[in-house]
Amino acid sequence: MKLFGKTPNFRFMQPRVRVVNAAISVVLVVVSIVSFVLYGFNLGLDFKGGIQLELAYSKPVEISQVRQVVAELGFTEAVIQSMGSTRLVSIRLPVPAEDTDAHITNQVVEALKQKTDPGLEVRQQDFVGAKMGAELRDDGGTALLIVLGAIFVYVFLRFEWRSSLAALIATLHDVIITAGCFSLFHWPFDLTVLAALLAVIGYSLNDTVVVYDRIRENFRKMRGGTPVDIVNSSMNQTLSRTIITSFVTLLAIVAMFVWGGEVLRPFSIALMIGIGVGTYSSIYVASSVALWLGLERIHLLPVVKEGSKAMDDSP
2 MKLFGKTPNF RFMQPRVRVV NAAISVVLVV VSIVSFVLYG FNLGLDFKGG IQLELAYSKP
62 VEISQVRQVV AELGFTEAVI QSMGSTRLVS IRLPVPAEDT DAHITNQVVE ALKQKTDPGL
122 EVRQQDFVGA KMGAELRDDG GTALLIVLGA IFVYVFLRFE WRSSLAALIA TLHDVIITAG
182 CFSLFHWPFD LTVLAALLAV IGYSLNDTVV VYDRIRENFR KMRGGTPVDI VNSSMNQTLS
242 RTIITSFVTL LAIVAMFVWG GEVLRPFSIA LMIGIGVGTY SSIYVASSVA LWLGLERIHL
302 LPVVKEGSKA MDDSP
């Protein structure tokens, strides 16, 4: 595909460029892993249990005022967000072991009625137990591992083990860095963020497979080129597709981030970071790792039996 009317000729696979980008990726991955160990995640109620209330006010209310009332009750870790309207508020509260969800709900609602709006109504109340939250967390981690394993098998069957391992490394690179941002900046990590990580895995894999298909096609056509030259040409030929796809996808996600409200904000942030990192990895990580693993023309072309005619020698 052409970019602005012509096929570009960027030297993506130049040794110096590959070393610099490899260093950047290693630093980002190491920082993310260190953040996992030191800071962990700011888990939402989906994973650690608690109460979520959706409140409807009879008049507009300031979120800061609601936060102050809830903090005075001792719930300093409460997450309070507007739900796209100055009259709709979402409150997430942890539940102390010695208390009950019903008692806490009554306590919070009564305090808010007295100090903010007597006409306050509870539209929805959800409770997630600590045990259920732990199960959701474990099941989510298992789902990620299963998806990564399926990716390895899929690419192995479609290409070969070097490409498969490179694709797996690139996907892990994207997931670790995206999750590392949530750990480092202490952004809320809930089920929507986990869903975004799974979406990032699919997006990154799709981009990588497109590039690998073009590399295999060019190995058949460019019989005189070195693996680096062929991979570099393939990257340039798919560059416009990669940029356009990422740009259009980001437009939709930015719209979700701006107008989707606080509830969808962590989800949209994870997708924005993941797609940005995934686009970078499909260009610099997946193909570079495959080359470092010794990818050559013979590895991507079918083995020709004695007496048969090679596919790339056909007219």
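In this text, residue positions in the sequence shown follow the numbering used here: the first is 2, and each later residue adds one.
Idealized CB from N, CA, C, for every residue including glycine.
DSSP places Phe-48 in the uninterrupted alpha helix (DSSP H) bounded by 46-49. Fully contained in the segment 186-222 are the following alpha helix (DSSP H) runs of length 4 or more, in chain order: 192-222. Val-90 is bridged by DSSP to Leu-56, Ser-83. Non-local beta-carbon contacts of Gln-15 in its own chain, meaning distances under 6 Å to residues more than five positions away in sequence, are absent. Only exposed fits Leu-146, as fewer than 16 other CB atoms lie within 10 angstroms of its CB.
Cβ neighbours of Gly-85 within its own chain (closer than 7 Å, five residues either side excluded): Gly-262.
When rounded, the separation of the alpha-carbon atoms in Leu-198 and Lys-116 is 40 Å. Nearest Cα to Leu-240 within the set Ile-284, Arg-88, Arg-93: Ile-284. Distances from the alpha-carbon of Glu-78 to those of Asn-43, Val-129, Arg-138 put Asn-43 closest. Counting C-beta pairs with one atom in each stretch, the segment 265-272 and the segment 175-194 have three or more that are closer than 8 Å, which means they touch. By the C-beta density criterion, Val-156 is buried, having at least 16 other C-beta atoms within 10 angstroms. Secondary structure at Gln-125: strand, using DSSP grouped into helix, strand and coil. Between the alpha carbons of Ser-289 and Gly-50 lies a distance of about 42 Å. Nearest Cα to Asn-237 within the set Met-223, Pro-228, Ala-253, Arg-215: Arg-215.
The straight-line gap separating the alpha-carbon atoms of Gln-82 and Gly-75 is approximately 18 Å.
In the displayed model, Asn-10 falls within coil according to three-state DSSP, outside both helix and strand. Contact annotation: Val-70 and Ile-92 have beta-carbon atoms that are not nearer than 8 Å.
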